[in-house]
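Since the structure comes first, as structure tokens, the remarks are kept for the end.
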Amino acid sequence: MDFELPADVAEFQHVTREIVRDLLTYELEFVEKGTVNPIVRKTLVENGYFGLGLPESYGGLGMGALAQCVVQIELGRLPPQFWTELRPLMGPGAKNILNHGNEKQKAELIPGMCDGTVPIAFALTEPHCGSDLASMRTTATKTADGWVINGSKTYISNGKNAKWIIVYAYTDRSAGRNGISAFLMPSSTPGFSVDGTIPLMGTATPGVYEISFNECHVPAEGLLGEEGMGFRYALEGLNEGRLNVGATAVGMGEYALELAIDQAKTRPAFGGVIADFQAIQHYLAVMATDMRAARLQLLEACWRYDQGDKRREIASMAKLFATEAGSRTVDTAVQIFGGSGYCRGFAVERLYRDIRITRIYEGSSEIQKNTIARELLR
Numbered sequence: 001m002d003f004e005l006p007a008d009v010a011e012f013q014h015v016t017r018e019i020v021r022d023l024l025t026y027e028l029e030f031v032e033k034g035t036v037n038p039i040v041r042k043t044l045v046e047n048g049y050f051g052l053g054l055p056e057s058y059g060g061l062g063m064g065a066l067a068q069c070v071v072q073i074e075l076g077r078l079p080p081q082f083w084t085e086l087r088p089l090m091g092p093g094a095k096n097i098l099n100h101g102n103e104k105q106k107a108e109l110i111p112g113m114c115d116g117t118v119p120i121a122f123a124l125t126e127p128h129c130g131s132d133l134a135s136m137r138t139t140a141t142k143t144a145d146g147w148v149i150n151g152s153k154t155y156i157s158n159g160k161n162a163k164w165i166i167v168y169a170y171t172d173r174s175a176g177r178n179g180i181s182a183f184l185m186p187s188s189t190p191g192f193s194v195d196g197t198i199p200l201m202g203t204a205t206p207g208v209y210e211i212s213f214n215e216c217h218v219p220a221e222g223l224l225g226e227e228g229m230g231f232r233y234a235l236e237g238l239n240e241g242r243l244n245v246g247a248t249a250v251g252m253g254e255y256a257l258e259l260a261i262d263q264a265k266t267r268p269a270f271g272g273v274i275a276d277f278q279a280i281q282h283y284l285a286v287m288a289t290d291m292r293a294a295r296l297q298l299l300e301a302c303w304r305y306d307q308g309d310k311r312r313e314i315a316s317m318a319k320l321f322a323t324e325a326g327s328r329t330v331d332t333a334v335q336i337f338g339g340s341g342y343c344r345g346f347a348v349e350r351l352y353r354d355i356r357i358t359r360i361y362e363g364s365s366e367i368q369k370n371t372i373a374r375e376l377l378r
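Residues in the sequence shown are numbered consecutively from 1, following UniProt numbering.
Here it is in structure tokens:
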């Protein structure tokens with residue numbers, strides 16, 4: 001067994017760590033102004049992060065799940081607002097286009113996705129259905145020359161800035177899950193609207209979006225893949241998306257651990273520093289053990305994914321453990337910081353807000369447990 005990263009992945013990890021170190025200097029500006037310095041996006045575009053998992057033939061870097069997750073662990077140290085545009089490009093949306101788009105669709109979208117000029121949004125969740133995808137109400141009605149989409153979606157990242165929307169809708173409700181199809185629709189389509197912004201505790205600024213489709217006409221070639229396969233496409237891309245969310249949590253947790261160690265060594269108490277006390281030492285020991293286990297489980301799951309082992313329970317275990325362990329670690333880091341850990345401007349306070357969503361999106365912890373148990377009992 002070889003637990004070392006492949007040389008090319010280790011090199012990209014090192015490069016990313018240096019870039020992240022430089023970009024962290026813009027965090028204070030973001031805290032004070034609420035806006036991300038344009039140099040952050042420029043840096044990520046110029047260094048290929050928008051095309052990290054997309055094929056080299058389209059201008060991407062063509063990296064697998066292991067490399068993507070190693071990079072995302074490093075990016076997880078940054079405020080998520082710095083890299084939130086990357087999420088649709090490393091999750092189900094981009095993979096649906098890559099795996100099921102026709103050559104014309106891929107040629108039209110993927111080069112722009114790689115260079116940051118064609119932002120996309122993944123429109124799956126609805127006000128009346130979160131994890132219960134079969135309860136969606138959005139419909140696509142077939143016409144002589146295409147489809148007409150009606151409905152609404154919520155919690156859509158990048159919904160306001162996207163040039164293309166991947167929309168999931170019922171084309172045959174009587175077929176249940178087998179009646180859901182996926183479509184590629186330009187955001188300029190008449191009838192499409194961004195109806196509101198949902199402010200969040202953290203992660204995205206100003207938030208995520210509510211969008212709607214009112215008699216939106218999509219030509220026949222706007223169908224993504226085969227009719228009735230949308231539900232399978234959505235699930236197919238979730239494994240990689242879940243690994244990516246797990247990587248985010250590992251990055252946040254490991255950063256919180258580093259900050260907590262530095263704080264423990266320097267925060268004075270009773271004639272010494274708080275690291276002198278066994279209670280703090282035990283906190284740090286558990287945090288370090290949690291994060292080591294989370295990293296190893298995540299990287300093993302990513303390696304298996306790249307080898308063709310795409311069992312759902314493997315990705316779900318990694319996502320479940322990484323997000324729960326990361327959350328425990330960040331919470332303990334706040335405790336070690338004491339009152340200052342609850343103050344805006346401290347990184348651990350930001351991490352505390354930002355990591356919470358990782359136990360919810362791309363399938364909540366409860367959904368991961370359901371998936372694991374279902375696969376065990378098959």
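Glycine included, every Cβ here is placed at the ideal spot set by N, Cα and C.
Could you give the DSSP three-state label for residue i: helix, strand or coil?
| i | result |
| --- | --- |
| E215 | strand |
| T329 | helix |
| I357 | helix |
| E226 | coil |
| V148 | strand |
| C129 | strand |
| F277 | coil |
| L109 | helix |
| W272 | According to the sequence as given, residue 272 is Gly; it is not Trp. Residue state, collapsed to three classes: strand. |
| K33 | helix |
| G159 | coil |
| M185 | strand |
To the nearest whole angstrom, what separates the beta carbons of residue i and residue j, a pair I think is in contact under 8 Å?
| i | j | result |
| --- | --- | --- |
| V245 | K319 | 6 Å |
| E210 | S152 | 7 Å |
| A269 | M287 | The Cβ separation is near 19 Å, so there is no contact. |
At the level of alpha carbons, what is the spacing between residue i and residue j?
| i | j | result |
| --- | --- | --- |
| R312 | P88 | 20 Å |
| L24 | P206 | 20 Å |
| E85 | V118 | 11 Å |
| T358 | A204 | 13 Å |
| A175 | V167 | 18 Å |
| S327 | A249 | 7 Å |
| V194 | L376 | 41 Å |
| M185 | P199 | 25 Å |
| R17 | R173 | 48 Å |
| V20 | N158 | 22 Å |
| P111 | G341 | 42 Å |
| H100 | G225 | 5 Å |
| T332 | K33 | 28 Å |
| P219 | T143 | 9 Å |
| G271 | G196 | 54 Å |
Under 9 Å between the Cβ atoms of residue i and residue j?
| i | j | result |
| --- | --- | --- |
| L223 | W164 | no |
| D354 | P55 | no |
| G252 | L351 | Before going on, a small fix: residue 252 reads as Met here, not Gly. Closer than 9 Å, so yes. |
| S135 | G363 | no |
| V15 | N47 | yes |
| I280 | I367 | no |
| A315 | N370 | no |
| Q53 | A94 | Correcting the residue type first, residue 53 is Gly in the shown sequence and not Gln. Going by C-beta atoms, G53 is nearer than 9 Å to A94. |
| G76 | A301 | no |
Does the region 317 to 335 come into contact with the region 285 to 301, if we say contact requires no fewer than three beta-carbon pairs (one atom in each stretch) closer than 8 Å? yes
If we count Cβ pairs, one from each stretch, closer than 8 Å, do we get three or more for the region 337 to 352 versus the region 284 to 293? no
Are the region 53 to 68 and the region 119 to 129 in contact at 8 Å, needing three or more beta carbon pairs? no
I want to know whether the region 227 to 235 touches the region 178 to 192 - three or more CB-CB distances under 8 Å. Segment contact: the region 227 to 235 against the region 178 to 192, three or more CB-CB distances shorter than 8 Å; contact assigned.
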